[in-house]
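Since the structure comes first, as structure tokens, the remarks are kept for the end.
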Amino acid sequence: MDGPFSFLNHAFVLTPAVKALGLYYDNRIRMYNERNLSMFQMLVGNPANPYLRLNVRRDHIIDDALYRLEMLALEDPSSLKKQLVVEFEGEQGIDEGGLSKEFFQLVVEEVFNPDFAMFTLNNETQTYWFNPTSFESDAQFKLIGIILGLAIYNNIILDVHFPMVVYYKLLGKRGTYRDLSDWNPSLAQGLDQLLSYEGDNIEDVFMQTFRITYQDVFGTVLTHDLKEDGDKILVNQQNRREFVDAYADFLLNKSIEKQFSAFRRGFLLVTDDSPLQILFRPEEVELLVCGSKNL
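Heads up: the sequence shown begins at 1 in the UniProt record's numbering, then just goes up one per residue.
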């Protein structure tokens, strides 16, 4: 053997429940260490809050959370590893878990509201996807990533559902054609038909070029060339695989690169030094975020 046995190197032998329990205790130990460090700083005359305290107004919850978390991310990122304690301004109450859960619920309801236009809902799969034409800043998407990380870190389930490719991308992978069916089954089915068509008249049957169209949240039709002068290149037997791969790459990666990069940066601010990236498969990260779909 090349050293002592470690479960981190043999994650396949662990069940999702065991991994989740291990992550829970790992997070609790990190919170405990952060509290001890804060107590030590107090003793040496450098007071520090042992908790991640968020004081927010209900009617400005996104603005308040964004400002507070953005300041912490810039000035003291380690504070995000402390146990979360939420306070609603003007209200009495001690957060023993209930206020934190309510905070996450309110943030999710507002951020994923269609009027906010950060995400779009696929009615077929009931999953949310990043709006490639969103007017919101990188800071807003970074905040959602932090929120997702904090929910996992504080063992809170969110009522939000992404297609599996989001969790692949959070773990550092790129979306590919095989991921389309989970997000947009109808589109995937159409591209499957294109790939499996056995006739020699694809150009006449599908009349598809390397220029694709899609809509923004206002219904405006936009175009994108997957290759230079894409509107002049017909999809045929020889280039159809290139077309579907480029189409999937645009939809799942390139068109949302700005939004997703900010989202992932926020997520990693909380989870970067946890065993999450090593131990968990994408479907297991989904369980940590939103629980079992069968419940």
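Idealized CB from N, CA, C, for every residue including glycine.
Coarse secondary structure for residue i, derived from DSSP in three states
i: T125; result: coil
i: F162; result: coil
i: T271; result: helix
i: F112; result: coil
i: F119; result: strand
i: F263; result: helix
i: P47; result: Below a pLDDT of 50, predicted positions are generally treated as unreliable, and P47, at 49, falls in that range; the measurement from the model is reported next regardless. Reduced to three states, the DSSP call for P47 is coil.
i: E91; result: coil
i: I256; result: helix
i: I156; result: coil
i: R58; result: helix
i: D179; result: helix
i: N201; result: coil
i: G219; result: coil
i: Y25; result: Residue confidence is low: Y25 scores 48 on pLDDT, short of 50, so the model does not pin down where it sits. No coordinate-derived value is stated.
Residue(s) in a DSSP beta bridge with residue i
i: H224; result: I212
i: L52; result: L84
i: I234; result: First, the residue type needs correcting, since residue 234 is Leu and not Ile in the sequence shown. The partner list for L234 (beta bridge, DSSP) reads T209.
i: F104; result: In the DSSP output, where bridge partners are listed per residue, F104 has none listed.
i: G135; result: Sequence inspection shows Phe at residue 135; the Gly mentioned does not correspond to that position. DSSP output for F135 lists no bridge partner at all.
i: F130; result: F119
Length of the line joining the Cα atoms of residue i and residue j
i: N131; j: Q259; result: 8 Å
i: M1; j: L276; result: With a pLDDT of only 44 at M1, under the threshold of 50, the placement of this residue in the model should not be trusted; the figure read from the coordinates follows. Roughly 25 Å between the two C-alpha positions.
i: A279; j: L171; result: The amino acid occupying residue 279 in the given sequence is Leu; Ala does not appear at that position. Distance between the alpha carbons of L279 and L171: 11 Å.
i: V289; j: L158; result: 6 Å
i: I156; j: F218; result: 34 Å
i: F210; j: P163; result: 26 Å
i: W183; j: N154; result: 28 Å
i: D273; j: L195; result: 42 Å
i: R265; j: N201; result: 46 Å
i: Q237; j: Y168; result: 30 Å
i: R174; j: E91; result: 44 Å
i: I61; j: L148; result: 16 Å
i: E75; j: D138; result: 18 Å
i: A270; j: T125; result: Ala is not the amino acid found at residue 270; the sequence shown has Val there. So the alpha carbons of these two residues sit roughly 29 Å apart.
i: residue 297; j: S186; result: This structure gives no information on residue 297, because the portion of the chain shown stretches from 1 to 295.
i: Q193; j: R240; result: 11 Å
i: D225; j: A246; result: 10 Å
i: D115; j: S79; result: 32 Å
i: P47; j: V285; result: Caution is warranted here: a pLDDT of 49 is assigned to P47, below 50, making its placement in the model unreliable, and the coordinate value is therefore given only provisionally. Rounded to whole angstroms, P47 to V285 spans 36 Å at the Cα level.
i: Q208; j: V108; result: 38 Å
i: K82; j: I144; result: 18 Å
i: T213; j: V235; result: 15 Å
i: L66; j: F112; result: 15 Å
Extent of the continuous alpha helix (DSSP H) run through residue i
i: P185; result: 185 to 196
i: Y67; result: 61 to 75
i: Y153; result: 138 to 153
i: L251; result: 240 to 252
i: L171; result: L171 -> no alpha helix (DSSP H), and no H or E assigned at all.
i: V285; result: 282 to 290
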